[in-house]
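What the sequence shown shows, in the numbering used here, is residues 460 to 802, in sequence order.
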Amino acid sequence: MNQILADKFGARGLGAGVWNLGPGRDPFGGPTRPDLPILQRLPLLAKAGITYVEFHDVELPFHQIPAAQRIMRDHGLKCGMYTPSFFAEPVFKDGAMTSHDPKIRKLALENACRAVDATVQLGAKVMVFWNGREGFDFVLAKDGQESFRRMVDGFNAVGRYAVKRYGRRSPRFAIEPKPNEPRANMYLSNVGEVLYLISRLDPKLQPLFGLNPETAHSRMAGLDYLWDVEMCLEAGKLFHIHLNAQDTTRYDQDLPFGYTEPLKDLALCVVLQDAKWPGIIAFDVKAPRTDRQEDITDILTTSAANLKRLWSKALKVDRRKIAAYRTRGNFTALAGYLARCLY
Ligand code: GCO
Ligand code: MN
């Protein structure tokens, strides 16, 4: 699997988060499986074909990095990205960077800086910021303009820290947009908003900031994921990618990649191939509550198998045909051609 990606396009391999293999909790019920200690999840990820593992700071705190690295070495794993959790702790219930409380904003910044250190220590090239609690449930609960300025200040401060401490070795930062859940309305809800935020950062720091678009998050907003990815590519801001699947605009499902809209996922592979995407292809999926412990990695092996199939079909998509359909304006026929490539 990884060989196909590596040989043909330089994509560095497959990634997944340790949180993808959770105990099956959801908002309506507790665990349905044992809660495997994080370090015990690493061999399972490796066995499922993952080569780049991702962690939140709460899953792999700084002092546990050496222990994780030993296991990672033994199983041929590298760290694909690291991310500060600004959403789980009660203290961040109303946001981290956009909290009204300056002490909480300071804590967020400290956590982010420590996460930069951990990212470097783990040898990952990318640190992700997900906008978990940054947003509002009630109008006027926050002053939107003030919140935006707080995010600009917060990201600038993280960027300054990283450059000062690590210079050219600084990781790059990928902001992951999501429209809602857990908040009713989240700041940085889509790719366009993040690109705008980046344009407002200190120009010297802007090259450090980009995006981590996620399939389900675009689809939850009713947006086209491929266009979101294309926008990131056009801006030179595709820094990381989180693939999964989503049934329309519901709650965030984190379904296996390739499950709901395979034709669009085939088109995504075409675009990534043509862009010679040099990064990791990472899944952000969630082992469903109904899967047994012994089947917990099915979500990853299914995603990887779907990606492999779609990727090799995408290689055979005739780009000249696409160009000809475009020129003639035969867009329905183009959709038919893609379907023939797929089915
Ligand atoms: C979600 C998000 C998270 C993030 C993760 C790392 O909707 O729950 O996708 O899974 O990806 O926090 O950024
Ligand atoms: Mn994600």
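C-beta atoms are modelled at their ideal positions from N, C-alpha and C, and glycine is treated no differently. None of the values given here were measured: they were computed from a predicted structure.
inquiry  = DSSP has Met645 in a bridge; who is on the other side?
reply    = Answer is Gly594, bridged to Met645.
Ala643 versus Gly594: straight-line alpha-carbon distance, rounded
Each residue's Cα considered, the two are about 8 Å apart.
query: How about Leu692 and Ala726: are their beta carbons less than 7 Å apart?
result: No, the Cβ-Cβ distance between Leu692 and Ala726 is not below 7 Å.
Closest residue to Pro482 among Leu769, Gly476, Arg492 and Leu473 (Cα-Cα distance): Its Cα nearest to that of Pro482, the residue Arg492 stands out among Leu769, Gly476, Arg492 and Leu473.
Which first and last residues belong to the alpha helix (DSSP H) in which Tyr796 is found?
Residue range Phe790 to Leu801 is occupied by the alpha helix (DSSP H) that includes Tyr796.
- prompt: Just checking my contact of Gly717 with Asn765 at CB under 8 Å: how many whole Å lie between their CB atoms?
  reply: With a Cβ gap of about 3 Å, Gly717 and Asn765 count as contacting.
**Asked** For Val648, is the classification buried or exposed, using 16 other Cβ atoms within 10 angstroms of its Cβ as the cut-off for buried?
**Response** Inspection of the sequence shows that residue 648 is occupied by Ser rather than by Val. If you draw a 10 Å sphere on the C-beta of Ser648, you find 16 or more other C-beta atoms in it, and that means buried.
* When the Cα of Glu518 is compared with those of Leu504, Leu498 and Lys537, which residue comes out closest? -> Residue Leu498 is the option with its Cα nearest to Glu518.
Can you tell me whether Met586 is helix, strand or coil according to DSSP? Secondary structure at Met586: strand, using DSSP grouped into helix, strand and coil.
Span of the alpha helix (DSSP H) around Gly618 | In the DSSP assignment, Gly618 falls within the unbroken alpha helix (DSSP H) covering Gly603 to Tyr625.
query = In this structure, what does DSSP give as the bridge partners for Met540?
reply = Beta-bridge pairing links Met540 to Glu513 and Val585.
Among the candidates Ile758, Ala782, Arg471 and Leu656, whose CA atom is the shortest distance from the CA of Ala583? If we check each option's Cα against that of Ala583, Arg471 comes out closest.
Measuring from the CB of Asp743, is there a heavy atom of ligand 2 at a distance below 6 Å?
Correct: Asp743 has its Cβ closer than 6 Å to ligand 2.
Between the alpha carbons of Ala746 and Asp733, how many angstroms are there, rounded? So the two alpha carbons sit approximately 31 Å from each other.
Classify Gly535 as helix, strand or coil using the three-state DSSP reduction.
Note: Gly535 maps to coil in three-state DSSP.
query: What are the start and end residues of the beta strand (DSSP E) that includes Gly669?
result: It spans Phe668 to Leu670 - the beta strand (DSSP E) in which Gly669 sits, taken as one unbroken run.
Glu635: first and last residue of the uninterrupted beta strand (DSSP E) it sits in: Arg631 to Glu635 is the extent of the beta strand (DSSP E) around Glu635.
**Asked** When burial is assigned at 16 or more other CB atoms within 10 Å of the CB, is Thr510 buried or exposed?
**Response** Label assigned to Thr510: buried.
Nearest to Asp750 by alpha carbon, out of Phe545, Leu480, His699 and Val575?
Nearest to Asp750 by alpha-carbon distance, out of Phe545, Leu480, His699 and Val575, is Leu480.
Based on DSSP bridge pairs, tell me the residues matched to His701.
In DSSP, His701 forms a bridge with Glu673 and Ala741.
- Message: Under 8 Å: do the stretch 734-742 and the stretch 774-792 share three or more Cβ pairs, one atom per stretch?
- Response: Fewer than three Cβ pairs drawn from the stretch 734-742 and the stretch 774-792 lie within less than 8 Å of each other, which leaves the two stretches out of contact.
Beta bridge counterpart(s) of Pro472 as assigned by DSSP: The question names Pro, yet the displayed sequence has Gly at residue 472. Bridge partners of Gly472: Ile739.
#### Entry: As assigned by DSSP and simplified to three states, the class of Asp777
Reduced to three states, the DSSP call for Asp777 is coil.
(request) May I ask you to check if the CB of Glu635 is nearer than 6 Å to at least one heavy atom of ligand 1? (result) Between ligand 1 and the CB of Glu635, the shortest heavy atom gap is smaller than 6 Å.
Q | C-alpha gap between Ile529 and Lys623, whole angstroms | A | Reading off the sequence shown, one finds Arg at residue 529, where the question assumed Ile. Answer to the nearest angstrom: the Cα atoms are 29 Å apart.
In the DSSP output, what is Gly508 paired with across the bridge? Beta-bridge partners assigned by DSSP to Gly508: none are found.
Mind checking Thr791: buried by the 16 CB within 10 Å criterion, or exposed? Answer is exposed; the Cβ neighbour count stays below 16.
- [ ] Report the rounded CA-to-CA distance for Val611 versus Val730, giving the unit in angstroms.
- [x] In this structure, the CA atom of Val611 is about 31 Å from the CA atom of Val730.
Original post:
Measuring from the CB of Val512, is there a heavy atom of ligand 3 at a distance below 6 Å?
Top reply: Summarising the ligand content, the structure contains ligand 1 and ligand 2 and does not contain ligand 3.
Mind checking which residues open and close the alpha helix (DSSP H) that includes Gln665? Where Gln665 is concerned, there is no enclosing alpha helix (DSSP H), given that its DSSP letter is neither H nor E.
*What separation, rounded to the nearest whole angstrom, lies between the Cα atoms of Met460 and Val688?*
Any reading at Met460 needs caution, since the residue's pLDDT is 49, under 50, leaving its predicted position unreliable; the model's value is listed next. Cα to Cα, the separation comes out at about 23 Å.
- Assuming Pro636 and Glu652 make a contact with CB atoms under 8 Å, what is their CB distance in whole Å? With a beta-carbon spacing of about 6 Å, Pro636 and Glu652 fall inside the 8 Å limit used to define contacts.
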